[in-house]
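Residue numbers (our numbering): 995 to 1368. Down below is the structure, laid out as structure tokens.
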Ligand code: SF4
């Protein structure tokens, strides 16, 4: 828990959602399954939701700590507008405690410890338009913990015809789930392992709430979603665990949900494990395909496992090199050879950004955000 100085250093305070008052000026945050009970002048586990005077405030609101233009394949999303650009952003803080975090410089920092700019929701959209992006991704740290900002950006994005993407650990309560995901077009959810032991020891959370969120996504939303499993040598790469993870996906989410096995590199508190050997990802992919999953990818390595092939006639459909799309043979979302429909969102329903809006975005970026180099 952090002290009151967090609040004093933050210019704009935005009252949070998903909290209730408790005796003694405490608050209960029920945005994620941690259910923090936060004393006055303190913040929750995620650092960026803090109690000031018996009210909960979202310190990440309008204060992104990282903004960048990425290919959509980097999220990773392979069945959502392939080859398009996505305006990607994150804040400080996180609600998980992963020892292997690759963005720990922001995720393990308080709001006042990271360099951030004040960017209100409508200006995020203008920066995305200015950079010819079709979508905005909430990523780098856990976007659930700045859900208020996410929702307001989504409203502005929809008005401008942009898509929105959550890249999330799936650690969210049902109380907040629909409030956020009903505004989202696509998501990539990390399923970091398939044992409670890993979740408890290595991420300081629990497995079941993540599985619940995947079920809600499948059964209660129209969000296009894919799953990522980062494979860490000796911690979550046992063949039996991979088989159980794939069987669970098949039985509960169906064979069409894309699954990405990605390679780990030593980072943060997990420096004593080696990089994931490519053979581990190849073996995991074989297990998943044998289990019956149709779209299984390998990431963070150069591999033929990055391509999309038709599961019916095996025609190569989308050829990728790392995050680059080199060839896309899909015809209106169908295999050009056998005509099979390939699940995903293959064309932007919103079309091209109107020239007038683009000019307005250029002018705003020049006058207010020239220091961001975006
Ligand atoms: S969102 Fe943050 S403050 Fe709220 S319960 Fe989760 S970790 Fe705690």
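Think of the CB as a built atom: it goes at the ideal place given N, C-alpha and C, for glycine as much as any other residue.
Secondary structure of residue i, DSSP reduced to three states
i            : result
residue 1368 : coil
residue 1361 : helix
residue 1108 : coil
residue 1184 : strand
residue 997  : Any reading at residue 997 must be qualified, since the residue scores a pLDDT of 38, below 50, and its modelled position is unreliable; no value is offered.
residue 987  : Nothing about residue 987 can be read from this structure; the chain reaches only from 995 to 1368.
residue 1285 : helix
Any non-hydrogen atom of the ligand SF4 within 7 Å of residue i CB
i            : result
residue 1255 : no
residue 1178 : no
residue 1029 : yes
residue 1039 : yes
residue 1053 : no
residue 1025 : yes
residue 1124 : no
residue 1043 : yes
residue 1063 : no
residue 1130 : no
residue 1089 : yes
residue 1139 : yes
Sequence-distant residues of its chain with Cβ nearer than 7 Å to residue i (five each side left out)
i            : result
residue 998  : In this prediction, residue 998 has a pLDDT of 41, which is less than 50 and means its spatial position is unreliable; what the coordinates show is noted afterwards. Excluding sequence neighbours, residue 998 sits near 1035.
residue 1338 : 1073, 1074, 1218 and 1327
residue 1348 : none
Option in the options with minimal Cα separation from residue i
i            : options                   : result
residue 1009 : 1141, 1037, 1016 and 1050 : 1050
residue 1205 : 1175, 1165, 1233 and 1197 : 1165
residue 1257 : 1250, 1295 and 1203       : 1295
residue 1275 : 1300, 1361, 1318 and 1346 : 1300
residue 1172 : 1113, 1270, 1032 and 1145 : 1145
residue 1323 : 1309, 1317, 1316 and 1315 : 1309
residue 1285 : 1329, 1319, 1239 and 1304 : 1239
Own chain residues within Cβ distance below 8 Å of residue i, not counting five before or after
i            : result
residue 1150 : 1115, 1116, 1118 and 1119
residue 1124 : 1352, 1355, 1356, 1358, 1359 and 1368
residue 1110 : 1057, 1058, 1059, 1085 and 1086
Contact set for residue i: own chain, Cβ-Cβ below 6 Å, skip 5 residues either direction
i            : result
residue 1007 : 1051
residue 1136 : 1088, 1089 and 1163
Check your understanding: Just checking, does the stretch 1101–1109 make contact with the stretch 1041–1049 on the three C-beta pairs under 8 Å criterion?
Key -> yes
Check your understanding: Contact between the stretch 1221–1238 and the stretch 1181–1189: three or more CB pairs below 8 Å?
Key -> yes
Exercise for review: Report yes or no: do three or more beta-carbon pairs, one from the stretch 1059–1070 and one from the stretch 1205–1215, lie closer than 8 Å?
Suggested key: no
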